[in-house]
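Each residue of the sequence shown is one higher than the one before, starting from 980 at the first, in the numbering used here.
For reference, the structure discussed in these notes is given below.
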Amino acid sequence: MPPAQSQPLSQLAVIIPTFNERERITRLLKALSPLREQGAQVVIVDGQSEDGTMAVLTSGADQVLAAPRGRAAQMNAGAAAVEQEVLWFLHADSVLSPRLVSAVCRQLKDLRAWACCDVWIEGRSKSLIVIAFFMNLRSRLTGIATGDQSLLVRRDAFSSVGGFRCQPLMEDVSISAALRARYGWPQRLGGRLGTSGRRWEAGGIWRTQIRMWWLRWRYWRGASPEVLAASYRPESKG
């Protein structure tokens, strides 16, 4: 009898931190179902949601974990709970297209260390198109990816930089800088990843964007994440 064949994506784990994402997480899980059908594992790590998020996770995920609130700690907990060789960290409000799902499948064959996506921002304002353009440009010029762009990373690379630093803000910038220093610029996944425009719409689009630029500049200048977090009060988002 020939040996059993492993499923094509059995080496991939998708890790999603959540906090109060009842209204959004089911859409993402549905979009991830083709990956699960090919063997990928989907892991939700909830940070003590208060809106019933856990109640809607009865299907669509292979593991549902609880962890203290904090995106970095939640993502590290998800990585520690799986054994797959490749980790894909996604925000709960990400919007996946079939093209992007296919691109991830292809990328697994030649992933050198880490990869990210260009993004588009979901929302009514045309200003969000401009903001997404500059987000993508900045990322391509600096080699730094934010969480909205997702992070596809080999486990050995993730472990070599110590995972995400458990800090309240800029954990995505920190790990990107560490991966860039060790492995070079990220590869780019074909197809763009959508992200919710809610934080821009809630706080005023350009006011929010200027504030984000200001916080990032202060972090680059050496301000601690704890100090920055004290002045950053986005809506609850996992």
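Using N, Cα and C, we set each Cβ at its ideal position, and we do this for glycine too.
Tell me the DSSP secondary structure of residue i in three-state form.
i, result
"Ser1215", "Because Ser1215 carries a pLDDT of 38, less than 50, the predicted location of this residue cannot be relied on, and no value is offered for it."
"Asp1089", "coil"
"Arg1117", "helix"
"Arg1133", "strand"
"Gly1173", "strand"
"Pro1077", "helix"
"Ala1062", "Per the sequence shown, residue 1062 should be read as Glu rather than Ala. Three-state result, Glu1062: coil."
"Trp1192", "helix"
"Gln1017", "coil"
"Pro1204", "helix"
"Glu1101", "strand"
"Thr1005", "helix"
What are the partner residues of residue i, as DSSP defines its beta bridges?
i, result
"Ala1111", "Answer is none; Ala1111 lacks a bridge partner."
"Gln1042", "Val1022"
"Ile1123", "BP columns for Ile1123 are empty, so no partner."
For residue i, which of the options has the nearest alpha-carbon?
i, options, result
"Gly1170", "Phe1068, Cys1096, Gln1086 and Ala1045", "Cys1096"
"Gly1183", "Asp1041, Ala1071 and Ile1110", "Ile1110"
"Ala1160", "Phe1137, Gln990 and Gly1049", "Phe1137"
"Leu1130", "Arg1117, Glu1150, Phe1112 and Gln1146", "Glu1150"
"Gln1188", "Ala1157, Phe1112, Gln1166 and Gln1146", "Phe1112"
"Val1043", "Ser1076, Leu1008, Pro1013 and Leu1075", "Leu1008"
"Leu1014", "Ser1076, Ser1153 and Ser1028", "Ser1076"
"Glu1101", "Gly1173, Gln1086 and Arg1190", "Gly1173"
"Glu1064", "Leu1090, Gln1166 and Ala1034", "Leu1090"
"Gln1166", "Glu1029, Gln1086, Ala1045 and Arg1003", "Gln1086"
Between the alpha carbons of residue i and residue j, how many angstroms are there, rounded?
i, j, result
"Thr1125", "Gly1176", "15 Å"
"Ser1155", "Gly1122", "8 Å"
"Pro1213", "Arg1178", "Its pLDDT being 48, under 50, Pro1213 is placed unreliably by the model, and nothing is read from it."
"Thr1032", "Ser1081", "28 Å"
"Ser1210", "Pro1147", "11 Å"
"Leu1158", "Arg1133", "11 Å"
"Leu1116", "Val1024", "31 Å"
"Trp1193", "Arg1186", "11 Å"
"Trp1135", "Thr1005", "Just to set this straight, residue 1135 is Asp in the shown sequence, not Trp. Each residue's Cα considered, the two are about 30 Å apart."
"Thr1037", "Arg1001", "12 Å"
"Val1152", "Gln1027", "24 Å"
"Ala1040", "Glu1062", "16 Å"
Does the distance between the C-beta of residue i and the nearest non-hydrogen atom of the ligand SAM fall short of 8 Å?
i, result
"Lys1088", "The ligand SAM is not part of the structure shown, which contains no ligands of any sort."
Count the C-beta pairs between the stretch 1196 to 1206 and the stretch 1124 to 1143 that are closer than 8 Å, then say yes if the count reaches three, no if not. Touching, no, given that fewer than three Cβ pairs across the two stretches are closer than 8 Å.
With three or more C-beta pairs closer than 8 Å as the rule, is the stretch 1084 to 1102 touching the stretch 1035 to 1052? no
Decide yes or no for the touch test of the stretch 1018 to 1034 against the stretch 986 to 1000: beta carbon pairs closer than 8 Å, at least 3 of them. Contact holds: three or more Cβ-Cβ distances are below 8 Å.
Can at least three beta-carbon pairs, one atom from the stretch 991 to 1007 and one from the stretch 1066 to 1082, be found at a separation below 8 Å? yes
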